[in-house]
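S.K.: Right, I'll just put the structure down here and ask away after.
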Amino acid sequence: MRDGNLKQVGPAEIASDLLVWYDVHARAMPWRVPPADKLSGVRPDPYRVWLSEVMLQQTTVAAVKDYFHRFTTRWPTVADLAAAEDGDVMGEWAGLGYYARARNLLKCARVVVADHGGVFPDTLAGLLKLPGVGPYTAAAIASIAYDLPEVVVDGNVERVMARLHNLHDPLPGSKPQLTELAAGLTPAQRPGDYAQAVMDLGATICTPRNPACGICPLRSPCVARVQGTALELPKKTPKKPKPTRLGIAYVGRRADGAYLLERRPDKGLLGGMLGWPGGPWSEGGAAEAPPIAADWRLLGAEARHTFTHFHLILQVRIADLPQGANPEVGQFIEPETFRPSDLPTVMRKAFDLARGGFDNTP
DNA sequence: CAGACGTGGTC
DNA sequence: TGACCAAGTCT
1 MRDGNLKQVG PAEIASDLLV WYDVHARAMP WRVPPADKLS GVRPDPYRVW
51 LSEVMLQQTT VAAVKDYFHR FTTRWPTVAD LAAAEDGDVM GEWAGLGYYA
101 RARNLLKCAR VVVADHGGVF PDTLAGLLKL PGVGPYTAAA IASIAYDLPE
151 VVVDGNVERV MARLHNLHDP LPGSKPQLTE LAAGLTPAQR PGDYAQAVMD
201 LGATICTPRN PACGICPLRS PCVARVQGTA LELPKKTPKK PKPTRLGIAY
251 VGRRADGAYL LERRPDKGLL GGMLGWPGGP WSEGGAAEAP PIAADWRLLG
301 AEARHTFTHF HLILQVRIAD LPQGANPEVG QFIEPETFRP SDLPTVMRKA
351 FDLARGGFDN TP
């Protein structure tokens, strides 16, 4: 049979082909136990598997690596994390995005310590009850950490399944079908390696833009490859356009170098993170009053930032505040305590502009 | 169930 | 430059 033709291959053989490929091409990750080490009985640490999986939700491996290293260095066990201060965890997560993940991370660590003796549940149902652990993450922990044959379905698996079976129904409506197809391939042997193999395949071979079909271990049974439809799969329902909102960031600096910051409420955008006072952002325009009376200067440049569902143009206003200033909003953070890296990215952008403003007007 | 929820990289 | 994309979850 020529390589360009479709070949009937059973589910067991597909899984087996994928595992053979994975044994050679598995990417090395700080949270992963390589296939060869598993043969000597080494098991992944459920804490590290959980932490990495939460960080990897909608986030690239490249972005996660440094955060994973900092978290596991500072909090080596789930008990260490459970005992951490909220603000320390939020600050360490700053820049990674989707901050509900960090809030749920801490909640989850405390539940595992308080209700499970510091040991992660080893069933899908038990894992699903944990804060911030949904169908994907529960199945990933169950299969990767405990080698249970649960069905792991993430964006990679959806893409691989849609192409393998040439399924043109659009996401997210087709998710149940894709899950069904994924379930049909999940093997009883080495389900954890299999799950990681599909995700590695999706990340390195069966990529969204330039799939390397020629070297894909599943090229023989892949219907989309033969039909020439791989590039258009999986289909997705079109997204709505993003509106643009306007806002103000008031960056106030006291004579001793302390900055006036506020802790944002747990609910909503950037919940639980530090930020500059400035009120809500809206399409109508920004008119929020300053947190304290002072000589606020408007900077010439604005911070631009795009969130998941809107663009933001942020005016930056700066002021030198007297040592005895007593603002209604927020709290001063001493220069020894303040780490710009504790700020979410949009707030750090405003800070970078403000710093230039202060430098120009000593 | 559709919308909220971040960010950095890529083309 | 801007739209799309990446190991989703919660409401």
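Numbering of the first sequence is given in full-length UniProt numbering, commencing with residue 1 and proceeding in unit increments.
In this text, a Cβ means the ideal position worked out from N, Cα and C, and glycines have one as well.
Excluding the 5 residues flanking His25 on each side, which residues of the same chain have their C-beta closer than 8 angstroms to its C-beta?
M.R.: These residues qualify, in order along the chain: Asp200 and Thr204.
S.K.: My output table needs one value for Glu334: the three-state DSSP class, helix, strand or coil.
M.R.: In the structure shown, Glu334 sits in coil (DSSP, three-state: anything other than H, G, I, E or B).
S.K.: Which partner residues of Gln315 appear in the DSSP bridge assignment?
M.R.: Its beta-bridge partners are Ile248.
S.K.: If Pro291 and Val329 are in contact, beta carbons under 8 angstroms, what's the gap, nearest whole angstrom?
M.R.: Right, the Cβ-Cβ distance comes to about 4 angstroms (below 8 angstroms), so this counts as a contact.
S.K.: Under the three-state reduction of DSSP, which class applies to Arg225: helix, strand or coil?
M.R.: Arg225 falls in the helix class under three-state DSSP.
S.K.: Contact check, Pro44 vs Ile144 under 8 angstroms by CB: the rounded distance?
M.R.: Rounded, the Cβ-Cβ distance is 6 angstroms, consistent with contact.
S.K.: Cα separation between Leu233 and Thr207?
M.R.: Their Cα atoms are separated by approximately 10 angstroms.
S.K.: Does the structure place the stretch 122 to 133 close enough to the stretch 156 to 170 that three or more beta carbon pairs sit under 8 angstroms?
M.R.: The stretch 156 to 170, when compared against the stretch 122 to 133, does not touch it at the 8 angstroms Cβ threshold.
S.K.: Quick check: Ala286 and Gly252, are their CB atoms within less than 8 angstroms of each other?
M.R.: Going by C-beta atoms, Ala286 is not nearer than 8 angstroms to Gly252.
S.K.: Kindly indicate which residue of Gly300, Arg297, Ser282 and Arg264 has the alpha-carbon position closest to the one of Leu343.
M.R.: It is Arg264.
S.K.: Select from Gly97, Val223, Val78 and Asp86 the residue whose C-alpha is nearest the C-alpha of Val113.
M.R.: Nearest C-alpha to Val113: Val78.
S.K.: Could you please give the first and the last residue of the uninterrupted alpha helix (DSSP H) stretch that includes Glu92?
M.R.: Start and end: Asp86 to Trp93.
S.K.: According to DSSP, is Asp320 part of a helix, a strand, or is it coil?
M.R.: If DSSP states are grouped into helix, strand and coil, Asp320 belongs with the strands.
S.K.: Thinking C-beta only, is Ile318 closer than 8 angstroms to Gly357?
M.R.: The answer is yes: Cβ separation under 8 angstroms.
S.K.: Using the C-alpha atoms, what's the distance from Phe71 back to Val188?
M.R.: For the sequence presented, residue 188 should be read as Ala rather than Val. Whole-angstrom Cα-Cα distance: 33 angstroms.
S.K.: Looking at Lys236: is its Cβ nearer than 8 angstroms to the Cβ of Phe310?
M.R.: Their beta carbons are not under 8 angstroms apart, which means Lys236 does not touch Phe310 by this criterion.
S.K.: Would you report the Cα separation of Pro327 and Glu150, rounded to the nearest angstrom?
M.R.: Each residue's alpha carbon lies about 53 angstroms from the other.
S.K.: What residues are listed by DSSP as bridge partners for Leu260?
M.R.: Answer is Phe332.
S.K.: For Met1, does the three-state DSSP call read helix, strand or coil?
M.R.: Confidence at Met1 is low in this model, with a pLDDT of 41, below 50, so its placement is unreliable and no value can be given for it.
S.K.: Excluding the 5 residues preceding and the 5 following Arg2 in the sequence, name in chain order all residues of the same chain whose CB lies nearer than 6 angstroms to its CB.
M.R.: Below a pLDDT of 50, predicted positions are generally treated as unreliable, and Arg2, at 43, falls in that range; the measurement from the model is reported next regardless. Answer for Arg2: no residue qualifies.
S.K.: Indicate the three-state DSSP secondary structure (helix, strand or coil) for Leu6 in the structure shown.
M.R.: Note: Leu6 maps to coil in three-state DSSP.
S.K.: Could you give the distance in angstroms between the alpha-carbon of Gly87 and the alpha-carbon of Phe338?
M.R.: Those two C-alpha atoms are separated by around 12 angstroms.
S.K.: Using beta-carbon positions only, say whether Cys108 and Pro135 come within less than 8 angstroms of one another.
M.R.: Not closer than 8 angstroms, so no.
S.K.: Identify the continuous beta strand (DSSP E) that holds Arg43 and give its terminal residues.
M.R.: It is not in any beta strand (DSSP E) - Arg43 carries neither H nor E in the DSSP assignment.
S.K.: Using the DSSP secondary-structure output, state which residues sit across from Ala303 in a beta bridge.
M.R.: Beta-bridge pairing links Ala303 to Leu314.
S.K.: Which of helix, strand or coil does DSSP assign to Ser16?
M.R.: Three-state DSSP puts Ser16 in a helix.
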